[in-house]
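> Structure in structure tokens, see below.
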Amino acid sequence: MKKFRSMTYPYIIWIAVMIVIPMILIVFYAFTVEGNSVASIKFSFANFIRFFTDVIFLEVLLKSLYIAVVTTVVCVLLGYPIAYVIARLPSRQNMILILLITMPTWINMLVRTYAWMGLLQDGGVFSSILSVFGLGDVQILHTDFAVILGMVYNFIPFMILQIHTSLAKMDSSLLDAANDLGADGAKSFLKVTLPLSVPGIVSGITLVFLPAVSSFFIPKLLGGGQYVLVGNIIENQFLTAGDWNFGSAISLIMAVVIMISMFLTKKVDVKASSNGED
Amino acid sequence: MEKKKSIPSKIILVLTLLFFYLPIAYIILFSFNDSRSLTKFSGFSLQWYEKMFSDSTMMSAVLYTIIIAVIATAVSTIVGIITAIGLSKSRRIVRNMVEQINNLPVLNPDIVTGIGLLMLFSAFAINKGFMTMLLAHIMFCIPYVMLSVTPKLRSLDPNITDAAMDLGATPFQALYKVIVPQIKPGIVSGALIAFTMSFDDFIISYFVTGNGVQNISILVYTMSKRVNPSINALSTLVIVIITVALGIVNLVPIIREKKKRK
Amino acid sequence: MEEKKLIQIKNIVKNFEDGQIVLKGVSLDIYENEFVTLLGPSGCGKTTLLRILGGFLSPSEGHIIFDGDDITGLPPYKREINTVFQKYALFPHMDVYDNIAFGLKIKKEPKDVITQKVMRMLRLVNLEDFAHRSVTEMSGGQQQRVAIARALVNEPSVLLLDEPLGALDLKLRKEMQIELKRIQEEVGITFIFVTHDQEEALTMSNKIVVMRDGEIQQIGKPTEIYNEPKNEFVANFIGETNIIEGVMVDDGIVMFEDKKFACTQKGFEKNHRVDVVIRPEDLSVVSKEQGMLKGQVKGQVFKGVYYDTLVETRVGTSITVKMHVSEDKPIENETAKEKISANTFFLDVSDTEDLDDTAIVALAVAYAWDSETEDPISIKEIENDIKPEAGTYNVKFATAAGTSITVNAIVVNENRVVSKVFQEEIYAMNFFVKTDDILDSLALDTDLKTWANASAYSLEDGETVTITDVKYDFDWDNIAPGTYEVTFATEGYQYRVSTTKQYENGKEVGLIFAPEDIHVMDKEGV
Amino acid sequence: MNVTIKHKVRIGAIIIAATLLIASLSACGGSSSDAVEKYGSDTLKLYIWGEYLGQNVISDFEKQYGVKVIIEYFDSNEMMYTKLLAGDSYDILVPSDYMIERLINKDMLQELDHSLITGLENIAEGVQNLVFDPDNTFSVPYLWGSVGLVYNTKTVDPAEIAEQGYSILKNTDYKGRIYFYDSERDAFMVALKALGYSMNTDNEDEINEAYEWLIEMNDTMSPIYVTDEVIDGMMSGIKDIGIVYSGDATVILDENEDMDFITPSEGTNIWCDSMVIPANAKNPLLAHEFISFMLTYDAAYDNSETVGYASNNQQVLDEMSSDEGMYADNTAYLPRNGYEKDEVFRDNIVLQKKLSELWIKVKAR
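From first to last, the protein sequence lines stand for chains A, B, C and D. Sequential numbering of the first sequence, starting at 10, is according to the numbering used here. Sequential numbering of the second sequence, starting at 165, is according to the numbering used here. Sequential numbering of the third sequence, starting at 599, is according to the numbering used here. Sequential numbering of the fourth sequence, starting at 1379, is according to the numbering used here.
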């Protein structure tokens, strides 16, 4: 057995370097100012003060959260029925559909987002469709709608898959039991299926919410230059403004926010599945 | 019990697939457009493919993407398996610790991972480019491999290695003659995930690359400002590559099955 | 207890999409507070029938009449029937109380009433203290009880149980059997119980329905089923028994093993072919002289209270061949430090086709080894000129290093014994071996079979018949060169007898039984 | 057993294949040993604006010198600067005036060896002895131009725009019909000019006024902030007015005759992007060759023709703008010369930081 254990040591070193140190660096930079060279160290809260004393940054953070939440909600509302329908199909078609849904996720997110750019163009496919209803020059690209659409498109498969697995691994005899005990279709769905799929929904939420909050290229491509979310600020700080300290601080704040929201959803999960009925 | 398709569910499915495949169809269609327009299809032509293939930046981007994806997959798969097996035999504390840390890149937004690595590399004054990108990809691929291998390991009979060794196999023979074959499905899916993760990655690559090394995503991102249908051509290429890869991975087992039955 | 019919199952047919027919027109009446068991091997359709009763499946044909009205099309939640599922199907997201209360809550009964009923049920299945335990952290037996309580609390007039004890270990199973019976008697409603365990069926039910391939084989009280099985299948399925082919000579006279015996059965036409069933416990062993059947003790298994003794009344088909044992030493190759050994061997003309090297090596007992380390060395080349006609041929075995030995292959004509009684033939050849071969043998009987190339076939269907018995009169551990006889035999007529005494193998004994203990059944009659 | 053997083999094969690919990748572009011994290496790393190279210049250069050019694009000077700070090394950069000034101050450039550069005499008057590097010690002009407004003559009255200048960007008749340039410098340039201030000011109040101006514009006009997207946008006439770099304007006007270009009377930013060699360049010799090459008539012509900006080569400039030149009647090609309200950006890190933060705030509203 010892032999086997020793096989993990290289990887432990690896993660120490490739995962732990970067995290430390972020924290380190977040609490220092001046210069991107590790040499000049000045410990301070300046970055955080700057962030929290300025309404704009908070607004940006809130907007990011807002967009992410909307995206997540939409994903649940659309994703659940889809997953449900698929889960109820006979296994063969079931498998095929899951494959069909995963397929696009394998294809480059940027490529797919780029495609939406074209579709949502003024005078593009969508506005042409709209113009049929006399809404010709409705601005779609560069709007919240476009950004949320892009995010939903990119992230909903995760939601569907999560819910689907939770539904698929649910023992069908539970539904028989519910029926047997007098619950008709609707009732047995509400009292058995739904509560039992909550874990799936929750993990789906985490999988959607996480990238949605931090995403920066979807808003940039579909939202246009004026569309600033946390991700964009971070990108800007690192690649344009070159203020790594502030950038780190923001990403740290974002990470914390995410952790909190995850924690909250988890709690919901526990409660939901503990007293699913009533 | 008896599952049947109702009309509404049919509709839902159709709409879903439409939603998922519209953009892809759009890309493919307009990659054959003979004008620069992204809004109206004025005629069939292959000019954008010619442009793409003659454009060295695009080609090298494709090449880099594939090379990195392949190497990252190979390395992360091997390392992932070895580590996962090692962990399955390790003390609980070690296992938990590693698994916790492992989850960081999965749970962290890519952008955080990206900037972390960016700072790591410049802290060690490593010249950014192919190597840094490759390292980064390996780094974020391994956890996915382990995530798909570990459960398979758990489901293994713990005595199986002992049995093998009892029959005279050295630990490592036991490893590759008994364990690896059994967790093969996990390995395959892990490798597949790793490959696509690497192939599609934008955010992390975007932060850790440099010195003119670009993968397809970065290229698309930097080019997306100007209308440039070669991007559609490129995307179509990507779609084809991925579809083929998936097709192979998914169909081969089915075909084997069929063969077996006969 | 014969009261009014509660459920009438009217020739139910069920075939699934994939065309396979699971139920081929099953009809059955079930009465009030009966404990009915559907018994049969897996795939016999018993569970399907239960699911149809529960309303989870709709039959392709036929009707379910419940209390006078047709409920065939009624969904489960409208039936006065409840089910205890195979793996209990307890709702993992609810605790014991909520699981049991589920049905009542659906019916919107007042809270206090619910509490009342649930508590009563918990008492019935004695789980009072577990009300708010999570079902996931309960033992199989406890989950079982919860499942029963959850079903019973809705006061159904029929309770369906789908292999409810399947998941439990033996001891718990026994307890639950009694428990279930108790509950059934206490609540006094009809239980329809599905199992593949005949013992379970016998101990609990007051009506057993034996099923096979979607058809009912026999319906009856446990005793009937046990003592008067309708056919071989039922007889076998319901427990260890002796089934002998025979002929009904006349009312009350059955003939088997060429002897006439008195029996109680009547009503068969003369000389009708029948199966005779004698339960092991109805046979008793006596001295050879006074036995109605004579035989030899073939083996005994201690079953706790009694011995399960095998008595063979007639040996099977047998053949005796000569074994020539020599002391020839192996050929040694000094240069290569190798030894090689092989024997002359006989084989039948019919063996010469599809005769491959492995077969030859086996027959000739050919092998080579390193004269120092004793490590085996593989035989690389085998030359033979064997033709499919009687005669003597040469066979040469050689190793890579060139160490070689040549032996004879003697092809002879047929050497087989045919037995009319058992409609089978057995076949074997004389053979040569070295003392070492015998000494080195790990499993002598098997080796002897291989060397003699012994095999047996049924003349009816050409299936191979296993050779159960290898007899020889030499001493394995110190065998001297010479010629010995080896006899191979198939299984003959063997009787299973439950005895309290122990008999050593090979003892000649007699068997007796009383006329009323013989049960005669029509061959493959349903 | 053979399972894993296969496995190994496969992986081995993959890695080999991969390395081969890398090899071929680095090899392609006809690496010639003489280039190596001449310049020490046969690759030139160029870091330049996107959409900023002539059709064939690069391939021509590669052919002529038997070398390989690795190109990387940036979409803002700041992005380039940050990359440099992060330690990336290039042989040639093509940043803008003020950025060059900063690089000089930070000693991140190496002095050019004029003996290795031919064609300095061809440099267009417009970009001779520029403030930030009067005698081309560090930089040689690449392309230059101004910033102005492109508008759709069908929907915007030329008189009106001529008279309102930048202020038309706050004219609510055009609400939702305008592209605004997504870069702090140009945004503030517009605002400051509109207010009649210098675009190099570091006067707090003026800057805040400009900030207010932008916010008001942002809130009342719901503009779309773009960079290069503006080119296609205006070409296909999606919006009516857009802030556009003169060169892009040239291209737009070329494609869509409804469009016209105006350099507002409030003044504008006369800018020049020049070629420089960073201190950490790996292949300065080849870099010098590249500069010379870009000064040649053909290269300059190709660049100016494709990209549409004013050429660094006087001859090309004259030809293009001459009556039979391809940009003869293109109002955008030739930058306004010697107008007193026009300025060149100067470097001012403090201002820079402030602007970038203010700009985010404007956009994030």
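Ideal placement from N, C-alpha and C gives every residue a C-beta, glycine not left out. Model, not experiment: these values are computed from the prediction.
Excluding sequence positions up to five away, which residues of its chain have a Cβ less than 6 angstroms from the Cβ of C:G989?
The sequence position of residue 989 of chain C within the third sequence is 391, counting from 1. The residues are V1009.
> Going along chain C in order, which residues have a C-beta closer than 7 angstroms to the C-beta of A:K196?
Translated into the one-based positions of the first sequence, residue 196 of chain A becomes position 187. Under the 7 angstroms cutoff, chain C gives I704.
> Who does C:G1108 pair with in a DSSP beta bridge?
For the purposes of this step, residue 1108 of chain C is taken as the residue at position 510 of the third sequence. DSSP, once it has assigned bridges, lists C:V884 and C:K892 as partnering C:G1108.
> Who are the near neighbours of D:N1634 in its chain, counting only those whose CB is closer than 8 angstroms to its CB and skipping five residues on each side?
Counting from 1 along the fourth sequence, the entry for residue 1634 of chain D is found at position 256. Once the five neighbours on either side are set aside, the close Cβ partners of D:N1634 are M1612, M1613, S1614 and G1615.
> Report the option in A:D189, A:Y20 and A:I242 whose CA atom is closest to the CA atom of C:G652.
For the purposes of this step, residue 652 of chain C is taken as the residue at position 54 of the third sequence. Closest by alpha carbon: A:D189.
> At least one CB of chain A closer than 7 angstroms to the CB of D:V1728: is that the case?
For the purposes of this step, residue 1728 of chain D is taken as the residue at position 350 of the fourth sequence. With 7 angstroms as the cut-off, D:V1728 does not count as an interface residue toward chain A.
> For chain B, is any of its Cβ atoms less than 7 angstroms away from the one on D:S1404?
For this step, residue 1404 of chain D is matched to residue 26 along the fourth sequence. Residue confidence for D:S1404 is low, a pLDDT of 49 falling below 50, so the modelled location carries little weight; the figure read from the coordinates is stated next. No, D:S1404 lies away from the interface with chain B (no Cβ there is under 7 angstroms from its Cβ).
> Tell me, please, whether the CB atom of B:V416 is closer than 7 angstroms to any CB atom in chain A?
Start at 1 with the first residue of the second sequence, and residue 416 of chain B comes out as number 252. B:V416 does not count as touching chain A.
> Ends of the alpha helix (DSSP H) at D:R1563?
Start at 1 with the first residue of the fourth sequence, and residue 1563 of chain D comes out as number 185. Start and end: E1562 to A1572.
> How many Å lie between C:F1168 and C:Y824 at the Cα?
Past the boundaries of the shown model lies residue 1168 of chain C; chain C is included only from 599 to 1124, so the question cannot be answered.
> Below 8 angstroms, how does it come out for the stretch 112 to 127 of chain A and the stretch 170 to 187 of chain B: are there three or more Cβ pairs, yes or no?
Touching, yes.
> List the residues of chain A whose Cβ lies closer than 8 angstroms to the Cβ of D:T1460, in chain order.
The sequence position of residue 1460 of chain D within the fourth sequence is 82, counting from 1. Result: F247, L248, T249, A250 and G251.
> Helix, strand or coil, according to DSSP, for A:A155 in the structure here?
Here residue 155 of chain A refers to the residue found at position 146 of the first sequence. Three-state result, A:A155: helix.
> Find the residues of chain D that neighbour B:N291, judging by a C-beta separation of less than 8 angstroms, and give them in chain order.
Position 127 of the second sequence, counted from the start, is the residue given in the question as residue 291 of chain B. Under the 8 angstroms cutoff, chain D gives G1465, D1466 and S1467.
> Based on the DSSP output, what are the partners of D:K1532 in its beta bridges?
By one-based count along the fourth sequence, residue 1532 of chain D stands at place 154. Answer is none; D:K1532 lacks a bridge partner.
> How far does the beta strand (DSSP E) with A:V79 in it reach, from first residue to last?
Reading the first sequence from its first residue, position 70 is the one you call residue 79 of chain A. From DSSP, A:V79 is part of no beta strand (DSSP E) but of the alpha helix (DSSP H) over V64 to A96.
> Out of D:D1511, D:V1447 and D:S1561, state which residue places its alpha-carbon closest to the alpha-carbon of D:W1737.
As a working note, residue 1737 of chain D is residue 359 in the fourth sequence. Among D:D1511, D:V1447 and D:S1561, the Cα nearest to that of D:W1737 is on D:S1561.
> Please report the distance separating the alpha-carbon of A:V29 from that of B:G376.
As a first step, residue 29 of chain A is located in the first sequence; it is residue number 20 there, counting from the start. As a first step, residue 376 of chain B is located in the second sequence; it is residue number 212 there, counting from the start. About 28 angstroms.
> In chain order, what residues of the same chain have a beta carbon less than 6 angstroms from the beta carbon of C:F1030, not counting five sequence neighbours either side?
If you number the third sequence from 1, residue 1030 of chain C lands on position 432. So the list reads H922, N941 and T942, once near-sequence residues are dropped.
> Counting beta carbon pairs with one atom in the stretch 54 to 62 of chain A and one in the stretch 289 to 308 of chain B, are three or more of them shorter than 8 angstroms?
No contact exists between the stretch 289 to 308 of chain B and the stretch 54 to 62 of chain A.
> Below 9 angstroms between beta carbons is the criterion; list the residues of the stretch 120 to 143 of chain A that meet it against any residue of chain B, in chain order.
Correct list: V120, R121, T122, Y123, A124, W125, M126, G127, L128, Q130, D131, G132, G133, V134, S136 and S137.
> C:W1074: buried (16+ other C-beta within 10 angstroms of its C-beta) or exposed?
Within the third sequence, the letter at position 476 stands for residue 1074 of chain C. Result: exposed.
> Since D:P1519 is in the beta strand (DSSP E), which residue starts that stretch and which ends it?
Residue 1519 of chain D sits at position 141 when you count from the first residue of the fourth sequence. Unbroken beta strand (DSSP E) run through D:P1519: S1517 to G1523.
> Quick check: what's the CA-CA separation for A:G285 versus C:D727?
Numbered from its first residue, the first sequence carries residue 285 of chain A at position 276. Numbered from its first residue, the third sequence carries residue 727 of chain C at position 129. Below a pLDDT of 50, predicted positions are generally treated as unreliable, and A:G285, at 41, falls in that range; the measurement from the model is reported next regardless. C-alpha separation (whole angstroms): 22 angstroms.
> Enumerate in chain order the residues of its own chain whose CB-to-CB distance from B:A333 is below 8 angstroms, with the five nearest sequence positions on each side excluded.
Position 169 of the second sequence holds residue 333 of chain B. Correct list, in chain order: K341 and V342.
> The stretch 65 to 81 of chain A: which residues have C-beta closer than 7 angstroms to a C-beta of chain D, in chain order?
Residues passing the 7 angstroms Cβ filter: I65, E68 and V69.
> Could you check whether the Cβ of C:E826 sits closer than 6 angstroms to any heavy atom belonging to the ligand NAP?
This structure lacks the ligand NAP; in fact it carries no ligand of any kind.
> Looking at B:G374: is its Cβ nearer than 7 angstroms to the Cβ of D:D1466?
On the second sequence, position 210 is the one that residue 374 of chain B refers to. On the fourth sequence, position 88 is the one that residue 1466 of chain D refers to. In contact: B:G374 and D:D1466 (Cβ atoms closer than 7 angstroms).
> Could you name each continuous beta strand (DSSP E) segment of 3 residues or more that falls completely within the stretch 1001 to 1086 of chain C, going from the start of the chain to the end?
1002 to 1010, 1014 to 1017, 1022 to 1025, 1029 to 1032, 1053 to 1056 and 1065 to 1070, all fully within the stretch 1001 to 1086 of chain C.
> As a quick exercise: from A:G240, A:M268, A:L108 and A:A192, pick the residue whose alpha carbon is nearest that of C:K703.
Within the third sequence, numbered from 1, the residue matching residue 703 of chain C stands at position 105. Nearest of A:G240, A:M268, A:L108 and A:A192 to C:K703, Cα basis: A:A192.
> Should the stretch 1701 to 1712 of chain D be called in touch with the stretch 1619 to 1636 of chain D, which here means at least 3 C-beta pairs below 8 angstroms?
Contact between the stretch 1701 to 1712 of chain D and the stretch 1619 to 1636 of chain D is present, because at least three Cβ pairs lie under 8 angstroms.
> Hey, out of A:Q171, A:Y89 and A:L150, whose CA is closest to A:S136's CA?
One-based indexing of the first sequence puts residue 136 of chain A at position 127. Closest option to A:S136, Cα to Cα, is A:L150.
> Looking at the unbroken beta strand (DSSP E) that takes in C:E797, where does it start and where does it end?
The residue labelled residue 797 of chain C in the question sits at position 199 within the third sequence. Premise fails: C:E797 lies in the alpha helix (DSSP H), Q796 to M802, not in any beta strand (DSSP E).
> Would you check if there are 3 or more beta carbon pairs closer than 8 angstroms linking the stretch 897 to 915 of chain C to the stretch 1029 to 1046 of chain C?
No: fewer than three Cβ pairs fall under 8 angstroms.
> In the structure shown, what three-state DSSP assignment does C:F859 receive?
Numbered from its first residue, the third sequence carries residue 859 of chain C at position 261. Of the three classes helix, strand and coil, the one that applies to C:F859 here is strand, per DSSP.
> Indicate whether B:A225 and B:L383 have their beta-carbon atoms separated by less than 7 angstroms.
Position 61 of the second sequence, counting from 1, holds the residue named residue 225 of chain B. Position 219 of the second sequence, counting from 1, holds the residue named residue 383 of chain B. Yes, the Cβ-Cβ distance between B:A225 and B:L383 is below 7 angstroms.
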